[in-house]
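Q: Just so we're aligned: the sequence shown equals residues 1 to 243 in full-length UniProt numbering.
Below you will find the structure I want to go over with you.
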Amino acid sequence: MFYSGILTEPSRKEAEMREAASLRQQRRMKQAVQFIHKDSADLLPLDGLKKLGTSKDTQPHNILQRRLMETNLSKLRNNRGTWTPRNDISSQTNKLNQSKPDSTKKKEEEDLILVCCQCAGKDLKAVVDTSCRYNLISSVCLDRLGLKEHIKLYKTEGEKISLPHNMKVIGQIDHLAVMMGTIHVDCSAVVIDDSEKNFSLGLQTLKSLKCVINMEKHHLVLGKTEREEIPFVDSNISTNGEK
């Protein structure tokens, strides 16, 4: 037992010395790391920035983080190419949207079937519209024909006729005398508030005239007893004048 005690005493002291040395070494390393972290700011390329102080924004790790973000943003811009401001994008989109209705409108005008007729002693171009049941005439066209005082205005919403394309109906006119070739037509028409439209023949009148649309020969064939051919009007010519 005495021999064992002699052996263990030095071993205990040696272990304590090693532990103390290890603690001192860890303390010195921690101090060295703190010193390097504190003084490494002098090694950073500040590019005109002020000397580092105690502010969090000017600490080394914050500066490195900020510059890393700037580098990433620069790479992102280069990958995307030239950046276009939002205002420019919106203006380009508006111009594109404005050009679309114009091209659509021109295409629709080219597809119209037009024929010459007379109303109130004046020449008129009528659209053959098989998609609408009623004859349509604008208030502007009636004013030009001198028939605006004959409009029968709708007093209530219940009297109004529902039309496609959100057309604004204001009334109707009865006994509208129309001449197509030698054929006389006494018809009624719905009056709409649309300055771009003039007069169109609806499906109801076309059926009553036993109309045949010959797309190959570009004419209408009208008449209940005596048939007459009414040639189409070139829509490209009519867009420059009255329809």
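We treat Cβ as the ideally placed atom computed from N, Cα and C, and that holds for glycine.
(1) Give every residue of the same chain whose Cβ lies closer than 6 Å to the Cβ of VAL212, excluding the five residues on either side of it in the sequence, and list them in chain order.
(2) Select from SER188, ASP174, HIS175 and LYS168 the residue whose C-alpha is nearest the C-alpha of SER195.
(3) According to DSSP, which residues form a beta bridge with GLN118?
(4) On the DSSP letters alone, give me the boundaries of the alpha helix (DSSP H) that SER139 sits inside.
(5) Quick check on DSSP: helix, strand or coil for ASN72?
(6) What is the DSSP secondary structure of SER11, reduced to helix, strand or coil?
(7) Going by DSSP, name the residue or residues bridged to ASN214.
(8) Put LYS152 into one of helix, strand or coil per three-state DSSP.
(9) Tell me the DSSP bridge mates of SER188?
(10) Could you check how far apart the C-beta atoms of CYS117 and VAL191 are, in whole angstroms? I think they sit under 8 Å.
(11) Would you report the Cα separation of SER11 and GLU19, rounded to the nearest angstrom?
(12) Using the Cα positions of GLN26 and THR71, report the straight-line distance between them to the nearest angstrom.
(13) Just to check my reading of the structure: PHE232 and LEU124 have Cβ atoms closer than 8 Å, yes? What is that Cβ distance to the nearest angstrom?
(14) Is the distance from the Cβ of LEU136 to the Cβ of GLY202 below 9 Å?
(15) If you draw a straight line from the alpha carbon of GLU16 to that of MET29, how long is it in whole angstroms?
(16) What residue from LYS13, ASP129 and SER139 has the CA that sits closest to PRO164's CA?
(17) Please report the Cβ distance between LYS210 and LYS224, rounded to the nearest whole angstrom; I am assuming they are in contact, meaning their Cβ atoms lie under 8 Å.
(18) Hey, could you find the ends of the beta strand (DSSP E) LEU201 is sitting in?
(19) Tell me whether PHE2 sits in a helix, a strand or coil according to DSSP, three-state version.
(20) Measure the CB-CB distance between LEU142 and ILE173 and report whether it falls below 9 Å.
(21) Which of the three DSSP states, helix, strand or coil, is assigned to ILE230?
A: Straight from the coordinates:
(1) Locating residue 212 in the sequence shown gives position 212, counting from the first residue. Result list for VAL212: VAL221, in chain order.
(2) Translated into the one-based positions of the sequence shown, residue 195 becomes position 195. With distances taken between Cα atoms, SER195 lies closest to LYS168.
(3) Locating residue 118 in the sequence shown gives position 118, where the first residue counts as 1. Per DSSP, ASP123 and MET179.
(4) In the sequence shown, the residue the question calls residue 139 occupies position 139. Note, SER139: alpha helix (DSSP H), 139 to 145.
(5) By 1-based counting over the sequence shown, the position of residue 72 is 72. The three-state secondary structure of ASN72, taken from DSSP, is helix.
(6) Within the sequence shown, residue 11 is the residue found at index 11, counting from 1. For SER11, the three-state secondary structure derived from DSSP is helix.
(7) Along the sequence shown, read from residue 1 onward, the residue named residue 214 stands at position 214. BP columns for ASN214 point to HIS219.
(8) Taking the sequence shown and counting its residues from 1, the one referred to as residue 152 is at position 152. Looking at LYS152 - three-state DSSP - the assignment turns out to be strand.
(9) Here residue 188 is taken as the residue at index 188 of the sequence shown, counted from 1. According to DSSP, which records beta bridges pairwise, SER188 is partnered with nothing at all.
(10) Position 117 of the sequence shown, counting from 1, holds the residue named residue 117. Position 191 of the sequence shown, counting from 1, holds the residue named residue 191. Contact flag wrong, Cβ pair sits at about 18 Å.
(11) One-based indexing of the sequence shown puts residue 11 at position 11. One-based indexing of the sequence shown puts residue 19 at position 19. Near 12 Å, if we compare the C-alpha coordinates of GLU19 and SER11.
(12) One-based indexing of the sequence shown puts residue 26 at position 26. One-based indexing of the sequence shown puts residue 71 at position 71. Roughly 37 Å separates the two Cα atoms.
(13) Position 232 of the sequence shown, counted from the start, is the residue given in the question as residue 232. Position 124 of the sequence shown, counted from the start, is the residue given in the question as residue 124. Taking a contact as a CB-CB distance under 8 Å, the pair PHE232 and LEU124 does not count as one, their CB atoms being some 15 Å apart.
(14) By 1-based counting over the sequence shown, the position of residue 136 is 136. By 1-based counting over the sequence shown, the position of residue 202 is 202. In terms of Cβ geometry, LEU136 and GLY202 form a close pair [threshold 9 Å].
(15) The residue labelled residue 16 in the question sits at position 16 within the sequence shown. The residue labelled residue 29 in the question sits at position 29 within the sequence shown. When rounded, the distance between both Cα atoms is 20 Å.
(16) Working through the sequence shown from its first residue, we reach residue 164 at position 164. Out of LYS13, ASP129 and SER139, ASP129 has the C-alpha closest to the C-alpha of PRO164.
(17) Residue 210 sits at position 210 when you count from the first residue of the sequence shown. Residue 224 sits at position 224 when you count from the first residue of the sequence shown. About 6 Å separates the Cβ atoms of LYS210 and LYS224, confirming a contact at the 8 Å cut-off.
(18) In the sequence shown, residue 201 corresponds to position 201, counting from 1. Looking at the DSSP string, the run of the beta strand (DSSP E) that includes LEU201 is 199 to 201.
(19) Start at 1 with the first residue of the sequence shown, and residue 2 comes out as number 2. For PHE2, the pLDDT reaches just 47, beneath the cut-off of 50, and the residue's location in the model is therefore unreliable, leaving the point undetermined.
(20) In the sequence shown, counting from the first residue as 1, residue 142 sits at position 142. In the sequence shown, counting from the first residue as 1, residue 173 sits at position 173. Going by C-beta atoms, LEU142 is nearer than 9 Å to ILE173.
(21) Walking along the sequence shown from the start, residue 230 turns up at place 230. In this structure, ILE230 counts as strand in the three-state DSSP scheme.
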